[in-house]
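Here's the structure, in structure tokens; my notes come after.
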Amino acid sequence: MTGSDVVVVTGAGGMGLAVARRLGSGRTVILADASAPALEQAVDSLRAAGYAATGRLTDVSDAAAVAKLAAAAADAGRLTAIVHTAGVSAATGTAKAIIEVDLVGTAHVIDAFGEVAGPGTALVCVSSMAGHYATVAPGDERALALAPAAELRTLDVVRAVGDDPLAAYMLAKRGNHLRVQAAALAWNLRGARINTISPGVISTAMAAAESRTASGVHMMAMVEACGAGRTGTPAEIAAAAAYLTGPESLYVTGTDLLIDGGQAAWIRWHREPA
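Written as structure tokens, this is what we have:
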């Protein structure tokens, strides 16, 4: 093991790259993604800007691959921060892919890095404001929070989403919140912390693709109606990740930070009933 501080970022898209740039100065950055071209481009960009960056081709839906990523990160130095941004959107992915990556993949990240986390390690899983709108029965919430990762696909509440990508996305993101809450005790006992961030509409390539769909048009209309007047930026998510992995949040764990320009508040208190 070297003496370098290590930052792991899953997802080589706009959000992941912004996080790597915000957290990576003077540290070893390990960037992971399932797309070799996207990963190579992102690592090259970081290296050109002076970062000590390496890439690891990793499909988070593969438990063994995530375990290897965690082991490599632990071997590289002091594991200080893991920010899990990898995901599939409701507009561009199938329900199956969303469950595999967004729900099961996040569980794999929590489990694998929970085995190597130590004092001072902080994990942030990027969820979504959509997770705040999922209606899940208490018994199903408990199953989503505590079932072994390998059993998540077979839960009744997961099977019930069928082929509906939006239902799968909302459930997966709610599952992220629940699993992080349930994992906080184990992370505390290691001297480590774990939280989620729930972004609203953020200006990324994924969001641009989603904005061209019917649900995306509705989503952008909500951005205007809630008074925000704009989408969020990857840099704003990176700033939140910096807070949740930094020294100013040492008493913050097992919770979610909603970053949505006030959309959730508008939906609850001001949107006209359908």
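Take any residue in the sequence shown, note its place counting from 1, add 51, and you have its number in my numbering.
Even glycine gets a Cβ: it sits at the ideal position worked out from N, Cα and C.
Asked: In chain order, what residues of the same chain lie with their CB nearer than 7 Å to the CB of A90, ignoring the 5 residues before and after it?; Found: It is worth fixing the name first, because residue 90 is Leu in this sequence and not Ala. Around L90: A63, L82, D84, G106 and L108.
Asked: Does the segment 208 to 215 come close enough to the segment 170 to 181 that 3 or more CB-CB pairs lie under 8 Å?; Found: no
Asked: To which residues of the same chain is S55 closer than 6 Å at the C-beta, ignoring the five residues directly before and after it?; Found: T79 and G128
Asked: CB-CB under 6 Å to A137, same chain, minus the five flanking residues each way: which ones, in chain order?; Found: T61, G62 and V111
Asked: So, at 6 Å on beta carbons, what are the nonlocal neighbours of G213 in its own chain, with the 5 sequence-adjacent residues on each side left out?; Found: none
Asked: With DSSP run on the structure shown, which of helix, strand or coil describes S96?; Found: helix
Asked: Three or more beta-carbon pairs under 8 Å between the segment 153 to 160 and the segment 219 to 229, yes or no?; Found: yes
Asked: Relative to the C-alpha of V59, which candidate in M273, A188 and A118 has its C-alpha closest?; Found: A118
Asked: By the 10 Å Cβ neighbour count, where 16 or more other Cβ atoms means buried, how is L301 classified, buried or exposed?; Found: exposed
Asked: Once you ignore the five residues that flank D162 on each side, which residues in its own chain have a CB closer than 7 Å to its CB?; Found: A200
Asked: So, under 8 Å CB-CB, G312 and A289 are touching, yes? Tell me the CB distance rounded to an integer number of Å.; Found: Not confirmed; about 16 Å, so no contact.
Asked: To the nearest angstrom, report how far apart T186 and V231 are at their CA atoms.; Found: 18 Å
Asked: In whole angstroms, give me the CA-to-CA distance for P88 and P324.; Found: 45 Å
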